[in-house]
Amino acid sequence: MQCAPSLEDLAPAAANVDIHGAPALEDLRPPTPHVESQSAPELDEPSPHTPVVDSPPNSADEDADHRIGVEISENAPAFFEAELQKITGEDLGRSFDFLLRAWGSLETEYEVMRVGGYLSLPSGGRPTEVAQWIGGGRKNNRTITDLARFKEQWRAWWKSMQPAWRVEHSKDASGWGDKKLQDWGVLVAPGLNGVYSVVAALYWWGCAEKEAGGLSKEWEKAVDDAEMAFYGLRAAAQGSA
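Below is the structure:
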């Protein structure tokens with residue numbers, strides 16, 4: 684499959700650049716216990732009692748072959764478990780599992796902090812499939828029929844939602860280094876019509892690529908960037924307490 688344009692041209696730089704105090708993405712991830720492949724936790728059978736990402740990271744002994752699973756906090760919003768099951772049917776690898784964990788942690792933080800209501804991300808420029816999915820009540824995942832067009836729309840939509848400081852200081856991908864950089868603008872959108880749409884769209888993109896032959900570096904970079912943003916959003920929510 685021919686490589687699409689690099690996400691570097693359309694989104695903030697790689698998330699693991701440690702400049703102005705921004706932590707590496709690996710340092711933000713929660714610990715993952717060593718589990719044999721055959722007994723890895725299933726994403727459609729999460730524990731309802733285990734908190735999401737509240738421990739210091741420790742990934743030295745992680746098994747690269749097993750799925751890491753997504754545990755659900757008792758404080759997670761009511762919608763989370765059912766929606767999680769919709770976007771975990773296809774195994775898209777550990778990068779996507781890490782994104783799911785970051786999303787779960789963020790939504791749980793918003794629920795605990797009672798951030799806003801259920802807000803919506805900007806609809807302008809979003810991928811056609813996202814609009815159709817929301818319009819249909821998010822009942823079914825979308826099948827991407829024109830992957831090149833979808834990727835172009837997703838990248839432009841994601842870039843349009845980034846706060847100005849994240850674009851201007853692209854090497855400081857997180858905003859941890861300066862509290863004034865923790866205004867995430869329209870991305871502060873908990874709930875069904877919020878950043879969940881970003882995660883779902885990345886799931887469809889990954890499914891389309893996997894069916895076509897394999898996941899691309901471009902997709903993995905987009906997933907990592909969204910994960911980093913979610914940790915930044917969570918830190919900002921905690922900092923506003």
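When we follow my numbering, the leftmost residue of the sequence shown carries the number 684, and every step to the right adds one. Backbone N, C-alpha and C fix where the C-beta goes; we use that ideal spot for every residue, glycine too. Fair warning: this is a prediction, and the values are worked out from it, not measured in the lab.
Closer than 7 Å by C-beta to TRP902: which residues in its own chain qualify, once you throw out the five before and the five after it? Chain order, please. TRP888, GLY889, GLU892
Can you tell me which of the three DSSP states TRP816 falls into? helix
Could you check the C-alpha separation between PRO846 and THR811 for me, to the nearest Å? 23 Å
Quick check: the Cα distance between ALA884 and GLY776, rounded to an integer number of angstroms? 16 Å
Would you say GLU794 and TYR886 are within 9 Å of each other, going by their C-beta atoms? no
Are any of the Cβ atoms in chain C nearer than 9 Å to that of LEU789? The structure shown has no chain C; it contains just one protein chain.
Check ARG821 in the structure and name its three-state DSSP category. coil
Quick one, which of GLY897, TRP867, GLY820 has its alpha-carbon nearest GLY922's? TRP867
Straight-line gap, TRP786 to SER756 (C-alpha atoms, nearest Å): 12 Å
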